[in-house]
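Protein chains in written order, with UniProt numbering: chain R, 1 to 725; chain B, 1 to 725.
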């Protein structure tokens, strides 16, 4: 009976879900699949033609996207309505700055337009000369493109055309992807194949894929792309590579995406064109000024430079006794005449000057950058990772966010899952991004979330947001279906940091699978439990940096033999027979003091520290009493078991979705979930074996012993792991 | 008026060519596009249903391919006819070994079947129980699959169903691809992206692309795949990687493709599981026997090993004072109980033992292997490159083909264009393959082409054929549309070495673009001039090995500073003020003597040496009088200019095809041809500048001077060229 009812319901809703044609993921969330009959009829009446200026590449891109989307959803492309033709019912009218005559609610639209700024849009059903139209209005071309994508998104989600009324603008002016792509096409921390930039064939052979990249990013409002790895090579600034970047810029430009490059500090020295790389040396400054001029001759709207300097062996101004501001400002002055910017990374951590020196990697970026607050030129932004270590499954927000009120800051999120299971483990990062953006720094002793900091709520220094891309030449762009969701979520939060990650997941699932609760609800439920699952089976209770050497895949909490102490997992958890955790209170490194006093006080006391950060801030005995009454050891083990159980639950949830997802994507997700299940158990077993070894404690009652002895886990090696770490 | 006529003609033939939907090349030559109306009607009547046993994966694959192909061409998939159903008109009947009752010409079919062997097929229109059917008959499952593909090929080419009558079998039992794919997914000499084998995600996450790889190869009759680079790593024989190979083997098996691995000679030593790698050491032999047993437990039909030993720094039996036969036979004995084979590469060339020793790289494989003729175990084949240097645009056939009558030989062709312009230059290699296969070795002083040698026409030693694959994870598999043709041509010649390369090109073009003379004729004309064009603008008149160091891209005839003399281009052309060319006659290295006497005599005298091999065998003065009356210098320059002109002609030809090819593929080919044009001119200019510098001669009258001085060409550098050479 249940099956009969299900079939009837399927019939009512539309059987387009059952036996759906295989999809390879290339279309991302821009699938524009045929609508069910009733919706198709309604949309067809509301999309008879497109009336748009045909005068710029961006507006043409908007019109082309509308045509593509509507052709997919309706089965028929709408007509292009000539400029002076009489408007007819169902026209989609694109209006840039000037509204068409005869618009029913022109004043209201003008008021909205006045509030959406240079990149925003207004979309509404209205009447022009008495006939119903859809108006997409903006103050600029790019607003028309963003508005078109926003309208199409609503249609894909099943919203009736009459019900769509939008007025939106981005919260931040700088919303970029950072590609860690090397010039040999490998991708550092890339798990989606090689770089999408075919450097060898550029600039003369242009892969049409670059256009689809631009479309996908424009659909999210991403407006910048740093093309190459922060571990940069001097060659990227050679004439040959500038020409390649220019060719890419030409494809991205109509979609509102500017091109940026990561630059290596020592470039002029390596090219033997200067004798030093001292930023205060006039010859060096002159070289960079000439280089900037050269770049802007072929890329007039070049965005600027991203710089990793004096970090992990990269050269920088400190090599010459200068500081980060000296370096950043020199570059900034080379770019300023061209309106370019410098994004200078704060990801720095140095080995201790003396072997006995107490050193907390988590404290060093603050130590180096806080004193420089306010000392950067106007066109310099300081780019700060979400947390103070390195893109762990969970980190408290970086203290710098609350500590540099006079410097515009850029949030650096990692969309690619370097420490979270590559493209194998299903982990929805929207939860992680949201957690950081909503963190209240309490800077100035008032509510001041990280999002507000980026938006310039402190002293007016408007920053931006960057995502280390998970994009590669894999057919589905990101290596797995659900890793597409992380690109999507990053882009949506870059546009509006206040969006809810669950709502974003619902948008993504509706467009990527179907706007049907029978799919969306379970998919989103699975996504929303996935982040906490990975925290639990990898690094619960504030543990961090326990991944395998180099590739960062798989458990290796035992590693203690790397060249620098602060590369060893044991440095971060300090587990021994007495306890576990890193003391960042005044008794330890005192890194808590880098937070605002109210936050510092909360983190300074284990009793007030949220359990999810406990071992980030505290070194505690194994029998420390947790809020739930259990010992720390028992709780830790319980978290590991919970993580494994969560993955099993995710797998079971996914299996129920088989009737609703095409076989190809279904099977691929299922194979990955099965692998994630095995690996979650591996993480759990290896870590429990190790911590049991360190503590000497018996397993809590009823807990299953690890499948193998500790030595088995220690021996696991992965010589050819992707990501080139 | 002409346009009107053209449009009428287009309308008559079918307008499916005009405004064709963009294609990305993924479907290769298996596009199965909708037929024009008249042909569709005829085929629909002849393809109403498929009656096939449903009892093995291979037969199911055949039925699935028929269904796919017919659904594409007809717009409707034929029905699956149950086993005992009454046959109806238009059924496609698959018959393995046993013919169905009621077959009209059963005796004739049986006679054909008796002649097509274990892999062949018979396809004909006939009657069963009085109704017209298409019979696809074979002695084995794989013959049914090959027959199905052959029938579909004819249909795609527009042959009427009633006109298709085929009886065919492959000439060689071993028809393999060699992937030079590394375990980190890079591809040596690969220009089509990274390896298609996603090693990291194997064995548990299976890319559906592997199935399409299998289909493409089965459509050509390729029946083996060596998965990994001949510059092999010990890890490929680890349990983890054997499991990955087994997972691939499971996908390929239904398509008749066996999996092989390249193995590193020193593996047991590197794994510290033996103390030596001496092939005569019992512990070493025992190790390999155990390793073979291990492999066959998960891959019961594992093909065997491909071995590069004592070549270019790879370890081998000579490190222990043993010879190639000692090494090959030890491995062969490990594989023999499992019916596996060893393909032992003859690509060896050693630096001279003494600095003054005269050494001709082209002579060394013969010197090392000829004495071993007949000394290999039955399941060893010696794999020989098509020429004695290394996959140049033109080489005379390798002398070993006429010199090892008691050893089964494998031809090694290079399908990937290491020395022929990567995936940028359009070069149809069918011409090159055919030239080598039809070369008459005159072994035994009788007609004995290389093809006949491979087929065992000498002492019954049946060999095989191998192609170094040009396949990667690029969407179109091979990096460019026309590089697909080289995969296709290799496969067709592997099946039947007597096929004509122009006929193969027509097949390929008809399936890849459209079976329409307006497309096929110009496309094939372009393809058939392309090989000689590249010879002319790179290395005319028998010149060879002049490509850039490492990456082998671009002209570098001046290089003279590499660690080994026989790596330097100057070693190969020896151009100085007096002359140019490598003397391989008795006055020089006497490598000509490695050919049969009749051939050796022909090549020993410049007057009887074909001009295309002149400078391969002779060092001649610049004023040597060529058959056409011009001096060698003038002729050389003329060849360079002709090559450049040929590319311009190819470009012009392609431009005329714009109305007949989808925009996406058209533009991509056009961009590549434009790049090839620029690079042909670069080759021409650089080589003429250099040879002019060496010879001190003025340019022939009317010849355009190189665009830049010689130093400009010498300075060109390509630090990030693909192919990891």
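Every residue, glycine too, gets a C-beta built ideally from N, C-alpha and C.
From a predicted model like this one, the values you see are computed outputs, not experimental measurements.
Segment contact, 8 Å Cβ cut-off, at least three pairs: the segment 407-426 of chain R with the segment 460-479 of chain R: Contact holds: three or more Cβ-Cβ distances are below 8 Å.
Beta-carbon neighbours of residue 672 of chain B, restricted to chain R and to distances below 8 Å: By Cβ distance, chain R contributes 205.
Spatial neighbours of residue 81 of chain R in its chain, beta-carbon cut-off 7 Å, leaving aside the 5 residues before and after: Excluding five sequence positions before and after residue 81 of chain R, the CB atoms of its chain that fall closer than 7 Å to its own CB belong to 49, 50, 51 and 91, given in chain order.
Candidates B:521, B:455, B:145 and B:196, of which the one nearest residue 496 of chain B by Cα: Its Cα nearest to that of residue 496 of chain B, the residue B:455 stands out among B:521, B:455, B:145 and B:196.
Members of the segment 20-49 of chain R near chain B, C-beta cut-off 7 Å: Residues passing the 7 Å Cβ filter: none.
Assumed close pair residue 67 of chain B, residue 78 of chain B - CB separation to whole angstroms, cut-off 8 Å: Residue 67 of chain B to residue 78 of chain B, Cβ: 6 Å. Contact.
CB contact below 8 Å: residue 711 of chain B versus chain R: For residue 711 of chain B, the answer is no, since every Cβ of chain R falls outside 8 Å of its Cβ.
Contact with chain R by residue 1 of chain B, beta-carbon distance below 8 Å: A caution first: residue 1 of chain B carries a pLDDT of 46, below 50, which makes its placement in the model too unreliable to give a value.
For residue 242 of chain B, the first and last residue of its enclosing alpha helix (DSSP H): In this chain, the alpha helix (DSSP H) harbouring residue 242 of chain B covers 239-252.
Residue-chain proximity (residue 268 of chain B, chain R), Cβ-Cβ < 8 Å: Taking 8 Å as the CB threshold, residue 268 of chain B stays off the interface with chain R.
Proximal residues, the segment 177-210 of chain R versus chain B, C-beta separation under 9 Å: Correct list: 182, 183, 184, 185, 186, 191, 193, 194, 198, 199, 200, 201, 204, 205, 206, 207, 208 and 209.
Any chain B beta carbon closer than 8 Å to residue 715 of chain R: Not an interface residue.
CB contact flag (residue 261 of chain R, residue 245 of chain R, <8 Å): Yes, the pair counts as a contact, with Cβ atoms nearer than the cut-off.
When R:152, R:196, R:137 and R:189 are compared against residue 167 of chain R, the one with the closest alpha-carbon: When each option's Cα is compared against that of residue 167 of chain R, the closest is R:137.
Reference residue 590 of chain B; option with closest CA among B:431, B:619, B:190 and B:212: Comparing Cα positions, the closest option is B:619.
Residue closest to residue 506 of chain R, alpha-carbon to alpha-carbon, out of R:293, R:523, R:490 and R:494: Considering only alpha carbons, the answer is R:523.
Residue interval of the beta strand (DSSP E) (run including residue 385 of chain B): Per DSSP, the unbroken beta strand (DSSP E) holding residue 385 of chain B starts and ends at 380-385.
Given 8 Å, three or more beta-carbon pairs between the segment 527-538 of chain R and the segment 425-437 of chain R: In this structure the segment 527-538 of chain R touches the segment 425-437 of chain R; the number of beta carbon pairs closer than 8 Å is three or more.
Helix, strand or coil at residue 4 of chain R according to DSSP, with G and I counted as helix: At residue 4 of chain R the pLDDT is 45, less than 50, meaning the model places this residue with poor confidence; the figure from the coordinates comes in the next sentence. When DSSP states are grouped into helix, strand and coil, residue 4 of chain R belongs to the helix group.
Segment limits, alpha helix (DSSP H) that includes residue 679 of chain R: First-last of the alpha helix (DSSP H) with residue 679 of chain R: 663-695.
Nonlocal neighbours in the same chain, by C-beta distance under 6 Å from residue 600 of chain R, ignoring five residues either side: Contacts found: 592 and 593.
Residue 686 of chain B: contacting residues in chain R (beta-carbon distance under 7 Å): In chain order: nothing, as chain R lies at least about 17 Å away.
Beta-bridge partners of residue 230 of chain R, as assigned by DSSP: Residue 230 of chain R pairs with nothing; no bridge assigned.
3 or more residues per run - each beta strand (DSSP E) lying fully within the segment 423-506 of chain R: Within the segment 423-506 of chain R, the runs of beta strand (DSSP E) that reach at least 3 residues and sit entirely inside it are, in chain order, 464-468.
Closer than 8 Å at the beta carbon, the chain D residues around residue 530 of chain B: Judged by its chain identifiers, the structure shown contains no chain D, and its protein chains are R and B.
Residue 722 of chain R at chain B interface by Cβ criterion, 8 Å: At least one chain B Cβ lies under 8 Å of residue 722 of chain R.
Three-state secondary structure (DSSP) of residue 702 of chain R: Reduced to three states, the DSSP call for residue 702 of chain R is coil.
Distance, residue 517 of chain R Cα to residue 411 of chain R Cα: For residue 411 of chain R and residue 517 of chain R, the distance between alpha carbons rounds to 34 Å.
Minimum C-alpha distance to residue 424 of chain B - residue among B:563, B:673, B:223 and B:361: Residue B:673 is the option with its Cα nearest to residue 424 of chain B.
Against chain B: residues of the segment 225-246 of chain R by CB proximity under 7 Å: Under the 7 Å Cβ criterion, the segment 225-246 of chain R contributes 235.
Residue 695 of chain B at chain R interface by Cβ criterion, 8 Å: Output row for residue 695 of chain B: interface = no.
Burial state of residue 3 of chain R, where buried means 16 or more other Cβ atoms lie within 10 Å: Since pLDDT at residue 3 of chain R reaches only 46, below the 50 mark, its modelled position is unreliable, and no value is offered.
For residue 217 of chain R, the first and last residue of its enclosing alpha helix (DSSP H): Counting along the chain, the alpha helix (DSSP H) containing residue 217 of chain R begins and ends at 209-220.
Contact set between residue 473 of chain B and chain R, taken where Cβ atoms lie within less than 9 Å: Near residue 473 of chain B (Cβ distances below 9 Å), the residues of chain R are 193, 194, 473, 474 and 475.
Residue 33 of chain B to residue 295 of chain B span [Cα, whole Å]: So the two alpha carbons sit approximately 41 Å from each other.
Within 8 Å of chain B by C-beta, residues of the segment 295-324 of chain R in sequence order: Cβ contacts with chain B: none found.
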